[in-house]
Each structure stands twice: as structure tokens, then as C-alpha cells.
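S.K.:
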Amino acid sequence: MKFKLKHIFILKLIAILFLMVSCGSDDDSLQRIDQVMNFYMQNNTGQDLLNAKKTGSYTTFSVNDDNGATAVVPVSIPLKMTTDSLFYFEYVSGAKRIIKDSISPENKTYRSNLTFSLRRTVNNQVVTVTDVMEIHYRWTPTLFQVSEVLYNGKVVFSKAADAPNAINTFTIIK
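Taking mature numbering (1 follows the signal peptide of the UniProt record, and there is no 0), I'd label the letters of the sequence shown as residues -25 to -1, 1 to 149.
1. Please classify residue 5: does DSSP put it in a helix, a strand, or coil?
2. Quick one: grab the DSSP three-state call for residue 149.
3. How far does the beta strand (DSSP E) with residue 73 in it reach, from first residue to last?
4. Please list the terminal residues of the continuous beta strand (DSSP E) segment that includes residue 110.
5. Report the residue from 137, 111, 88 and 148 whose alpha carbon sits nearest the alpha carbon of residue 46.
6. What residue from 94, 57, 90 and 81 has the CA that sits closest to residue 117's CA?
7. Can you find at least 3 beta carbon pairs, one from the region 111 to 128 and one from the region 5 to 24, that sit closer than 8 Å?
8. In the DSSP assignment, the beta strand (DSSP E) including residue 150 goes from what residue to what residue?
9. Give the DSSP-derived three-state secondary structure of residue -1 in the structure shown.
10. So which of 91, 100 and 97 has the shortest CA-CA distance to residue 106?
11. Assess, as a yes-or-no matter, whether the region 34 to 43 is touched by the region 58 to 73 under the definition of 3 or more beta carbon pairs within less than 8 Å.
12. In chain order, what residues of the same chain lie with their CB nearer than 6 Å to the CB of residue 76, ignoring the 5 residues before and after it?
13. Which value, in whole angstroms, describes the spacing of the CA atoms of residue 121 and residue 96?
14. Given a threshold of 16 other Cβ atoms within 10 Å of its Cβ, counted over all protein chains shown, does residue 127 qualify as buried or as exposed?
15. Express the C-alpha separation of residue 63 and residue 53 in angstroms, rounding to a whole number.
Given below as C-alpha cells:
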């Protein structure tokens, strides 16, 4: 009996060691994902245009994916607030990515296109402003990240491939 228990214990120990070794990870095989964007909207004087309580700011908004399966595909971009009471959009994902170019199977560029409809009241009338955002992504087997953002055709954010992972934060001046 003592002999069997000893063998069972050794077999269990070998199985545990085997599981620990086989479940180990190779950090080189992991892909860094860096696609979260936080962006603010201000006017030339620094007014927060996303604070609906301030005169002249946008009171409502909607965002659509221009590359969606149908003509209008809503994208959820939550409006959040900092501890300093500044409002910002937090974009994690949701828009379809289209391949822009493929330098090689190991290096690709994707893009997403969004249309923003921003509404505010001017002289007691609701005015809708339509803006466009194009997001460029860099993809390699070890990296997927936002590389550049254009807002109404102007670059508002860019990031080098060797830059560390971070929330990509920028301000759009309107």
C-alpha cells in the first residue's frame, strides 16, 4: 500500500510540473494591443465643447461607422468626465477596420472612418455640425496600435511604432 501511494504521489507531482511548464507563456508570442483613445473637444479659447451645460457647447452627438455593412451603423463612444470636470470621448473600438495597405504579411495598415453629428443650440435654433475622423492602425504579429488620427482631414494625433502602450489622448480644437 505504501508503495502505491508513493507512486501516485510522484505521478501527481510529475503531472503538476508538466502542466506548469506547458502553461508557461512566451512573451515574444504576445501581441501588444494599444487602441484606446481619449479625446477632448475645445474651441480656440479653451472652452470644453462637450460640456452640455456651457453655452455654445454641443448638447447631443451621434457617431456612425462609414465602413459599416449598411449606410448608417452607430458606434458607441461614451462621453466621460475627468476629476477636473472636463468631458472627453473614450473610444475603445466598434468601427470596422479596412485594410489600407499591406507592406508585407508581417506589416499592415488599417483604417476606420467615423462621422460625428454634433448638435448645439445657436440663437434658439439647433445646429448640427458633421465632422469626420479617420483612424489609422499599425499591425504586426507583435503589435496592434493606433498610429495616426485625422479629424476633418487634419492630423490630430500620431504615434511611433516603438512608443509604449498608453491611452492615446489628444485634443481637437474647433
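Positions of the beta carbon are idealized from the N, C-alpha and C atoms, including for glycine.
M.R.: So, to answer that:
1. coil
2. DSSP places residue 149 in coil when its eight states are reduced to three.
3. 73 to 79
4. 100 to 115
5. 88
6. Considering only alpha carbons, the answer is 81.
7. yes
8. Nothing about residue 150 can be read from this structure; the chain reaches only from -25 to 149.
9. Below a pLDDT of 50, predicted positions are generally treated as unreliable, and residue -1, at 47, falls in that range; no measurement from the model is reported.
10. The option with the nearest alpha carbon to residue 106 is 91.
11. yes
12. Result list for residue 76: 84, in chain order.
13. 33 Å
14. exposed
15. 8 Å
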